[in-house]
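What follows is a single structure, written as structure tokens, with notes after it.
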Ligand code: GLU
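Numbering (the working numbering), first residue to last: 10 to 504.
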């Protein structure tokens, strides 16, 4: 049997470090045994999935050097590798499960289900689908279908007992069925949910081992029961520990940059990022800290993954990156890295229109436009709130600005400006007043080239990282953060 693993990201945002980490471990597991590694795009969420996100995920995995044997862009014998192109297959198996009495139609409307949950909560019960679809007679189901009523297909779940399975990394896990809901397999729009699509695909793509994040453990019974119901042999399943922030909370962009692009833009080397991800819960037999992908593959042993939450610490990564720069690159290679990164005509041609009108000598450029290539500028935090506007208003406006920018997919100055303007208006700030702290956050100075232009050139990841640092300077307590989230719900997002 061919060992075949996969990574199956949903293209709904920035390319996440977690995706690269899961990809790396699946990749090493397969390659160590001469197997294959597959990239599958799980884009069943039609609202949140975007082509840009898919491309960004592929670009960043490639940048890291994790190449797939089968995938949407390279093809492969079990394609297509994008779930939105496989809808009919999922529909076929969902209906087959209904015919075999292992799944059922439910015609309940969203309002009916809301009411059901409210009633359950009023009685002090945990809200849970109550199996109402199962109580319909065959005639009622047929009448509803004939009348063209929208439906979902849900899987049957035993009412009693528990489900036991053997996790490759964690040993036997037992989950009571009463904690498992009657999962929707096919949605009213005809698209599958994660479970249906994932099982059908892993089976058809002949995936032998699935290593996914531990956040999925509780859903393992549903997944494995589906294999049983469909009469398919299940792949081996293992759950890798989640990456954590240094304070042990789940790695999140609120506390750490999580987008792989950020690390690329900051000038981390892909070898170092991959090396550091390889040390998340795993180590070389001789405990050496620096190793290449080829060395990791050679010595890889999934059973040696330790399950305590591995901490992703940007300072440690920086230290390791420094080692890579000093010890693994010749001066010629390092020069080439600089050129590939930002010391090139492409960057200059984007910076010059801004700079040309303001310089007298070529050397003026360094002071004037250093922020176009630097990381996080240093400045006196008092400058952020030096204007007339109330500090609390500036804090909220900065936070809303970051959240709005996170949603922006086409990063250009007119969109960035429109968001800045709308956030300023919402907070009754003049645009100039609001741009002042942004100016400091982005350029580290109180005057320079146009800040919106700078943000366009810098790109989304670095711009947002600088704004986040500014927000940290201003300081947002946990309590304030909650308040901000609540206030943001009232914010009329544009676009
Ligand atoms: N699409 C899922 C995700 O985004 C895949 C989980 C899995 O590996 O099964 O994490």
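We put the CB at the ideal spot given by N, CA and C, even for glycine.
* Tell me, which residues are paired with residue 164 by DSSP? -> On the chain shown, residue 164 is found 155 positions in, with the first residue counted as 1. Note: residue 164 sits in a beta bridge opposite 112.
Tell me the rounded alpha-carbon separation between residue 214 and residue 106. Walking along the chain shown from the start, residue 214 turns up at place 205. Walking along the chain shown from the start, residue 106 turns up at place 97. Looking at the two C-alpha atoms, the distance is approximately 20 Å.
Less than 8 Å separating the Cβ of residue 222 from some heavy atom of ligand 1? Within the chain shown, numbered from 1, the residue matching residue 222 stands at position 213. Residue 222 Cβ: within cutoff of ligand 1.
For this session: Name, in chain order, the residues that DSSP records as bridge partners for residue 45.
Result: Sequence index remark: in the chain shown, residue 45 carries index 36 (1-based). Per DSSP, 13.
> Would the beta-carbon of residue 174 fall within 9 Å of that of residue 182?
Replying inline: As a working mapping, residue 174 is identified with position 165 in the chain shown. As a working mapping, residue 182 is identified with position 173 in the chain shown. If you check the CB distance, residue 174 and residue 182 come in under 9 Å.
Is any non-hydrogen atom of ligand 1 found closer than 8 Å to the C-beta of residue 428, if you look at the structure I gave you? Here the question's residue 428 lines up with position 419 in the chain shown. Residue 428 Cβ: outside cutoff for every heavy atom of ligand 1.
- Task: Starting from residue 245, follow the alpha helix (DSSP H) in both directions and report where the run begins and ends.
- Result: For the purposes of this step, residue 245 is identified with residue 236 of the chain shown, where counting begins at 1. From DSSP, residue 245 is part of no alpha helix (DSSP H) but of the beta strand (DSSP E) over 245-249.
* May I have the straight-line CA-CA distance separating residue 129 from residue 184, to the nearest angstrom? => Counted from its first residue, the chain shown places residue 129 at position 120. Counted from its first residue, the chain shown places residue 184 at position 175. If I take the Cα positions, the gap works out to 23 Å.
Looking at ligand 1, does it come within less than 8 Å of residue 29, judged from the CB to the closest heavy atom? Residue 29 sits at position 20 when you count from the first residue of the chain shown. No.
Practice prompt. Throw me the rounded Cβ distance for the residue 320 and residue 73 pair, which I believe falls under 8 Å.
Written response: Here residue 320 refers to the residue found at position 311 when the chain shown is read from its first residue. Here residue 73 refers to the residue found at position 64 when the chain shown is read from its first residue. In fact, because the Cβ distance is near 20 Å, the residues do not count as touching under 8 Å.
Checklist entry - What first and last residue would you give for the beta strand (DSSP E) that runs through residue 220? => result Against the chain shown, residue 220 aligns to sequence position 211. Counting along the chain, the unbroken beta strand (DSSP E) around residue 220 starts and ends at 218-222.
Open item on the list: For ligand 2, is there any heavy atom lying closer than 8 Å to the beta carbon of residue 207?
Closed with: Ligand 2 is absent from the structure shown, which contains only ligand 1.
What does DSSP give as the partner residue(s) for residue 175 in the beta ladder?
Counting from one through the chain shown, the residue named residue 175 turns up at place 166. Here residue 175 is bridged, per DSSP, to 181.
Buried or exposed for residue 332, going by 16 or more other Cβ atoms inside 10 Å? Position 323 of the chain shown holds residue 332. With fewer than 16 other Cβ atoms within 10 Å, it is exposed.
Given residue 374, which residues of its chain have a CB within under 7 Å of its CB, disregarding the five upstream and five downstream residues? Taking the chain shown and counting its residues from 1, one reaches residue 374 at position 365. These residues qualify, in order along the chain: 364, 368.
message: Quick check on the DSSP output: what are the complete alpha helix (DSSP H) runs of length 4 or more inside the stretch 338-390, in order along the chain?
response: 340-350, 354-364, 373-378, all fully within the stretch 338-390.
task = Could you name the residues of the same chain whose beta carbon sits closer than 6 Å to that of residue 63, not counting the 5 residues immediately before and after it, in chain order?
result = Residue 63 sits at position 54 when you count from the first residue of the chain shown. Result list for residue 63: 20, 50, in chain order.
Fill in: Meets three-Cβ-pair contact criterion under 8 Å: the stretch 14-31 and the stretch 293-303
Flag = no, the stretch 14-31 and the stretch 293-303 do not touch.
Host alpha helix (DSSP H) of residue 194 (start-end)
For the purposes of this step, residue 194 is taken as residue 185 along the chain shown, with counting starting at 1. No alpha helix (DSSP H) holds residue 194; the beta strand (DSSP E) holding it covers 193-195.
Beta-carbon separation of residue 409 and residue 500 under 9 Å? Sequence index remark: in the chain shown, residue 409 carries index 400 (1-based). Sequence index remark: in the chain shown, residue 500 carries index 491 (1-based). Using a Cβ distance threshold of 9 Å, residue 409 and residue 500 count as a contacting pair.
Closer than 8 Å: residue 203 CB and nearest ligand 1 heavy atom
Along the chain shown, read from residue 1 onward, the residue named residue 203 stands at position 194. Yes - ligand 1 has a heavy atom lying nearer than 8 Å to the Cβ of residue 203.
(message) According to DSSP, simplified to helix, strand and coil, what is residue 230?
(response) The residue you call residue 230 lines up with position 221 of the chain shown. Note: residue 230 maps to helix in three-state DSSP.
Q) For residue 223, which residues from the same chain have a beta carbon less than 7 Å from its beta carbon, with the 5 sequence-adjacent residues on both sides left out? A) Looking up residue 223 in the chain shown gives position 214. Result list for residue 223: 248, 249, 250, 251, in chain order.
Query - the stretch 77-85 touching the stretch 278-295, judged by at least three CB pairs closer than 8 Å - result: The answer is no - the stretch 278-295 does not touch the stretch 77-85, with fewer than three Cβ pairs under 8 Å.
Roughly how far, in whole angstroms, is the beta-carbon of residue 257 from the beta-carbon of residue 318, given that I think they are within contact range, below 8 Å? Taking the chain shown and counting its residues from 1, the one referred to as residue 257 is at position 248. Taking the chain shown and counting its residues from 1, the one referred to as residue 318 is at position 309. Residue 257 to residue 318, Cβ: 6 Å. Contact.
Considering only residues of the stretch 288-314, which uninterrupted beta strand (DSSP E) runs meet the minimum length of 3 residues and lie entirely inside it, listed in chain order?
Fully enclosed beta strand (DSSP E) runs of no fewer than 3 residues are not present anywhere in the stretch 288-314.
Give the secondary structure of residue 473 by DSSP, where H, G and I count as helix, E and B as strand, and everything else as coil.
-> For this step, residue 473 is matched to residue 464 along the chain shown. Of the three classes helix, strand and coil, the one that applies to residue 473 here is helix, per DSSP.
| Under a three-way DSSP split, which group does residue 74 fall into? | Walking along the chain shown from the start, residue 74 turns up at place 65. DSSP places residue 74 in the coil class of the three-state scheme, outside both helix and strand.
Report the rounded CA-to-CA distance for residue 441 versus residue 424, giving the unit in angstroms.
The sequence position of residue 441 within the chain shown is 432, counting from 1. The sequence position of residue 424 within the chain shown is 415, counting from 1. Taking the straight line joining both Cα atoms gives about 17 Å.
ask   = Where does residue 69 sit, in a helix, a strand or coil, going by DSSP?
value = Taking the first residue of the chain shown as position 1, residue 69 is located at position 60. Helix at residue 69.
| query | From 57, 27, 45, pick the residue whose C-alpha is nearest to that of residue 10; which is it? | reply | The residue you call residue 10 lines up with position 1 of the chain shown. Among 57, 27, 45, the Cα nearest to that of residue 10 belongs to 45.
Compute the minimum distance between the beta carbon of residue 51 and the heavy atoms of ligand 1, and state whether it is under 8 Å. Within the chain shown, the letter at position 42 stands for residue 51. Proximity of the beta carbon of residue 51 to ligand 1 is indicated: a heavy atom of the ligand is located closer than 8 Å.
- With hydrogens ignored, establish whether the beta-carbon of residue 219 is closer than 8 Å to any heavy atom of ligand 1. Within the chain shown, the letter at position 210 stands for residue 219. Shortest gap from the CB of residue 219 to any heavy atom of ligand 1: under 8 Å.
Q | Nearest candidate by alpha-carbon position, reference residue 217, set 38, 481, 413, 30 | A | On the chain shown, position 208 is the one that residue 217 refers to. The shortest C-alpha separation from residue 217 is found at 38.
task: Could you work out which residue in 276, 262, 389, 360 is closest to residue 376 when comparing CA atoms only?
output: Position 367 of the chain shown, counting from 1, holds the residue named residue 376. Sorting 276, 262, 389, 360 by C-alpha distance to the C-alpha of residue 376 places 360 at the top.
So, helix, strand or coil for residue 446, using DSSP? Here the question's residue 446 lines up with position 437 in the chain shown. It is helical.
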